[in-house]
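**Student:** Provided herewith is a single structure, encoded as structure tokens, for subsequent inquiry.
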Amino acid sequence: MPAMARHVTCTAVFVLLERKEKYLFLRRANTGWSDGKLTLPSGHVDQGQTVRQAAAVEALEETGVVIQEEDLEFMFTHYVLDTYVNFYFKARRWEGEPY
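Residues 69 to 167 (this note's numbering) make up the sequence shown, in order.
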């Protein structure tokens, strides 16, 4: 019986920023994927990064806020068949004002 080929998935992170029962969403633009749609701050996990490191970096790059890794509360994982494994975090606190 031939060995089954292993599939390779991409890993992405999403960060929920909540303040006074309001949530921050970004409108996707100039990415070529789902442009115009709303999303949480998000991005890919780069080689050598943990998912928490990637979440903090993406939040900084996309919103300008600084989040310490220990302030990222894991929410859930979403597996998209043979494509992505998405990790969702909620920021318990952060520094700066999102833009």
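Where a beta carbon is used, it is the ideal one built from N, C-alpha and C, also for glycine. The structure presented is a predicted model; accordingly, all values stated were derived computationally and were not measured.
1) Measure the Cβ-Cβ separation of Val81 and Ala122 and say whether it is below 8 Å.
2) Counting only runs of 3+ residues fully inside the region 90-149, write out the beta strand (DSSP E) ranges in chain order.
3) By a C-beta neighbour count over all protein chains shown, 10 Å radius and 16 as the cutoff for buried, is Thr131 buried or exposed?
4) Who pairs with Val76 in a beta bridge, going by DSSP?
5) According to DSSP, is Arg87 part of a helix, a strand, or is it coil?
6) Measuring alpha carbon to alpha carbon, tell me which residue in Gly111, Glu165, Ala71, Leu106 is nearest Tyr152.
7) Over the uninterrupted beta strand (DSSP E) stretch that includes Ala159, give me the two end residues.
8) With distances taken Cα to Cα, identify the nearest neighbour of Val119 among Val134, Leu94, Val83.
**Tutor:** On the basis of the coordinates in this document:
1) The residue given as residue 81 occupies position 13 in the sequence shown. The residue given as residue 122 occupies position 54 in the sequence shown. Result yes, Cβ atoms of Val81 and Ala122 sit closer than 8 Å.
2) 110-112, 140-148
3) The sequence position of residue 131 within the sequence shown is 63, counting from 1. When all chains shown are included, Thr131 counts as buried.
4) By 1-based counting over the sequence shown, the position of residue 76 is 8. Bridge partners of Val76: none, in fact.
5) Counting from 1 along the sequence shown, the entry for residue 87 is found at position 19. In the structure shown, Arg87 sits in a strand (DSSP, three-state: E or B).
6) Taking the sequence shown and counting its residues from 1, one reaches residue 152 at position 84. Looking at the Cα atoms, Gly111 is the closest of the given residues.
7) Taking the sequence shown and counting its residues from 1, one reaches residue 159 at position 91. First-last of the beta strand (DSSP E) with Ala159: 152-159.
8) Position 51 of the sequence shown, counting from 1, holds the residue named residue 119. Considering only alpha carbons, the answer is Val83.
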